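Visitor: Take a look at the following structure, please.
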Amino acid sequence: MPQGHIAPAIITLLALLLYTVMGLRVGRARAKYNVPAPATTGQADFERYFRVQANTLEWLPIFLGSLWLFAIYWSDLVAAAIGLVWIIGRFLYMTGYSKAAEAREAGFMIQALASAVLVFGALGRLIWLAVAGG
Amino acid sequence: MPQGHIAPAIITLLALLLYTVMGLRVGRARAKYNVPAPATTGQADFERYFRVQANTLEWLPIFLGSLWLFAIYWSDLVAAAIGLVWIIGRFLYMTGYSKAAEAREAGFMIQALASAVLVFGALGRLIWLAVAGG
Amino acid sequence: MPQGHIAPAIITLLALLLYTVMGLRVGRARAKYNVPAPATTGQADFERYFRVQANTLEWLPIFLGSLWLFAIYWSDLVAAAIGLVWIIGRFLYMTGYSKAAEAREAGFMIQALASAVLVFGALGRLIWLAVAGG
C-alpha cells in the first residue's frame, strides 16, 4: 500500500471539490438568470458565474500537473502548502467574480503566483536532476 | 517494468476515446448546422453537440483525478469498475443530449454519482490513512 | 528520490508553458479587440485567439493522459519525443489560427497524429500487458 504523497493527494481532492462547487453555482445561476442549457452566453450575470468555473478549468491542468511534479520530484509538503494557497486564491476569485468582474483580480493573482511557483519550481528541479545526472 | 494499475489505465484510455468521439461529433455538427470555426454559439442544435464535449471536459479533471487517487490509495479494480459506470453514463449523456436538452439527464446523473463515489471514497481513504499514521 | 520519467515530466511542463502563453495572448486580445470579461464571443478576431487556448485545453487531457501512460508502461524517451512533436504542432496551430481560421489546419493535424500515436500506442501496450499476464 503506497503511503507517500498523501498531502498533495488531499490538496488535489479539496481543489476538485471547490471546482465542483463552482459548477453547482453555474447550475443555480442557470435557474436564477433564466439561461437554459445549452446556452452559455447572452446574460452578463450568468456569464460571470460561468467564467468562474471555466477559468478555473482552464488553469486546472497547469495547477494539478505542476503540483504533482513538484511533489514527486521535490517536496510533498512544500507542494501541498503552495497548493493550499492556490485553493484560497481560487475561493476569493469565485466569491469576487460572482459579485463583479473587477472583484476577481486579487484572487486571480494569488492563484497565478502559486501556479508560477509550482511550474518554475518543478521545471528548475527537473532540469537540475537531468543535468546533475539525477 | 510497472505491472500495477493496468485496469484504471485502460479505463482512462477508454474514457479519453469516448471523449475524442464527442469532439469528432462537434466537427461533424459544424458542417451539418453550418457553424464555421471559431464560432461556438448562435445555433441551438450545434450548441448541444458542443456542450456534450464541453461538459465532459469540465468533469474530466474530477473523474480522472479521483479515479487514480482511488486506484492508487485503495483499490484498482473497484476504481476501474466505477470508472466503467462513468463511461456508460457519459455515453448515454452523449446520445441523449444530441437529441434534446432534456434527454441528457439520466446519463448525467449516472456519471455524477460515479464521480461522487470516487471523490468521497478517495478522500475518506486518504484522511483515514493520514489519521491512522498510514 | 525518484529518478525516473524525467523526460516526460519536462515535456509536460513545456506543454503547460506553451498553453500558458496561449492564455496570456487571450488576455492581450481582450484589450486589443475590446472584449472585456466575462464575454468570450461576439468579435471574430478575439474568438480565434480564444479558441486557440480553448481547443488546446480540450486536447490536454488526451495528450497528458496518453503521454504518461505511454511513458510509464512502455518508453519514457519515445513518449517524450512524440510529446515534442505535439508541442511543435500546437505552436504552429497557435501562430496559424491567430492569423486566419484556415491557417490552423497543419498544426492541428500534427498534434492530432501525435496524440493518436500516444493513445493507441499506450492502449495496445496495456492490452498486451493484460493479456500476456504482464
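The listed protein sequences correspond, in order, to chains B, F and L. Using my numbering, the first residue of the first sequence is number 1, and each one after it goes up by one. Using my numbering, the first residue of the second sequence is number 135, and each one after it goes up by one. Using my numbering, the first residue of the third sequence is number 269, and each one after it goes up by one. All C-beta atoms, glycine included, are put in the ideal place defined by N, C-alpha and C. Since the structure is predicted, the reported quantities are computational estimates derived from the model, not experimental observations.
(1) Would you tell me roughly how many angstroms separate the C-alpha atoms of residue 261(F) and residue 200(F), rounded to the nearest one?
(2) Between residue 157(F) and chain L, is there a C-beta pair that is closer than 8 Å?
(3) Residues of chain F with a CB under 9 Å from the CB of residue 387(L): which are they?
(4) DSSP three-state label for residue 220(F), please.
(5) At a CB-CB cut-off below 9 Å, which residues of chain F make contact with residue 53(B)?
(6) Residues of chain L with CB under 9 Å from residue 47(B), in chain order?
(7) Is it true that the CB of residue 336(L) sits closer than 8 Å to the CB of residue 283(L)?
(8) Kindly say whether residue 337(L), judged by its beta-carbon, lies nearer than 8 Å to any beta-carbon of chain F.
(9) In chain order, what residues of the same chain have a beta carbon less than 6 Å from the beta carbon of residue 177(F), not counting five sequence neighbours either side?
(10) Who are the Cβ neighbours of residue 207(F) in its own chain at under 7 Å, not counting the five residues just before and after it?
(11) Drop a sphere of 10 angstroms on the beta-carbon of residue 1(B), count the other beta-carbons inside from all chains shown, and report buried for 16 or more, exposed for fewer.
(12) Would you call the stretch 91-105 of chain B and the stretch 226-237 of chain F in contact, with 3 or more CB pairs under 8 Å?
(13) Just to confirm before moving on: does the CB-CB distance between residue 47(B) and residue 291(L) stay below 8 Å?
(14) Who are the Cβ neighbours of residue 7(B) in its own chain at under 8 Å, not counting the five residues just before and after it?
(15) By the criterion of Cβ-Cβ separation under 7 Å, what are the contact partners of residue 141(F) in chain B?
(16) In its own chain, which residues sit with a C-beta less than 6 Å from the C-beta of residue 179(F), not counting the 5 before and 5 after it?
(17) Strictly below 8 Å CB to CB, what residues from chain B border residue 391(L)?
(18) Checking 8 Å against the spacing of the C-beta atoms, do residue 83(B) and residue 107(B) come in under that value?
(19) Kindly say whether residue 357(L), judged by its beta-carbon, lies nearer than 8 Å to any beta-carbon of chain F.
(20) Nearest to residue 296(L) by alpha carbon, out of 280(L), 279(L) and 321(L)?
Guide: Result, derived from the coordinates:
(1) Residue 261(F) sits at position 127 when you count from the first residue of the second sequence. Residue 200(F) sits at position 66 when you count from the first residue of the second sequence. Taking the straight line joining both Cα atoms gives about 14 Å.
(2) For the purposes of this step, residue 157(F) is identified with residue 23 of the second sequence, where counting begins at 1. Cβ-Cβ to chain L under 8 Å: yes for residue 157(F).
(3) Along the third sequence, read from residue 1 onward, the residue named residue 387(L) stands at position 119. Under the 9 Å cutoff, chain F gives 147, 150, 151 and 154.
(4) Taking the second sequence and counting its residues from 1, the one referred to as residue 220(F) is at position 86. Here residue 220(F) sits in helix by DSSP.
(5) Against the first sequence, residue 53(B) aligns to sequence position 53. By Cβ distance, chain F contributes 192.
(6) In the first sequence, residue 47(B) corresponds to position 47, counting from 1. Result: 305, 306, 307 and 308.
(7) Counted from its first residue, the third sequence places residue 283(L) at position 15. Counted from its first residue, the third sequence places residue 336(L) at position 68. Result no, Cβ atoms of residue 283(L) and residue 336(L) do not sit closer than 8 Å.
(8) Translated into positions along the third sequence, residue 337(L) becomes position 69. Chain F, which has a Cβ nearer than 8 Å to the Cβ of residue 337(L), makes this yes.
(9) Counting from 1 along the second sequence, the entry for residue 177(F) is found at position 43. Same-chain partners within the cutoff: 167 and 169.
(10) To locate residue 207(F), count along the second sequence from 1; it is residue 73. So the qualifying residues of the chain are 256, 259, 260 and 263.
(11) As a first step, residue 1(B) must be located in the first sequence, where it is residue number 1. Bear in mind that the predicted position of residue 1(B) carries a pLDDT of just 43, short of 50, making it unreliable; the figure below should be weighed with that in mind. The residue in question, residue 1(B), is exposed, as its Cβ has fewer than 16 Cβ neighbours within 10 Å.
(12) no
(13) Locating residue 47(B) in the first sequence gives position 47, where the first residue counts as 1. Locating residue 291(L) in the third sequence gives position 23, where the first residue counts as 1. No, these two residues do not count as a Cβ contact at 8 Å.
(14) In the first sequence, residue 7(B) corresponds to position 7, counting from 1. 71, 76, 77, 79 and 80, listed in sequence order.
(15) Here residue 141(F) refers to the residue found at position 7 of the second sequence. Here the premise fails: no neighbours, minimum Cβ distance about 16 Å.
(16) For the purposes of this step, residue 179(F) is identified with residue 45 of the second sequence, where counting begins at 1. 167, listed in sequence order.
(17) Reading the third sequence from its first residue, position 123 is the one you call residue 391(L). Result: empty, since nearest Cβ-Cβ is about 21 Å, beyond 8 Å.
(18) Residue numbering aside, residue 83(B) sits at position 83 when the first sequence is read from its first letter. Residue numbering aside, residue 107(B) sits at position 107 when the first sequence is read from its first letter. No.
(19) What you label residue 357(L) is simply residue 89 of the third sequence in a count that begins at 1. Chain F, which has no Cβ nearer than 8 Å to the Cβ of residue 357(L), makes this no.
(20) For this step, residue 296(L) is matched to residue 28 along the third sequence. With distances taken between Cα atoms, residue 296(L) lies closest to 321(L).
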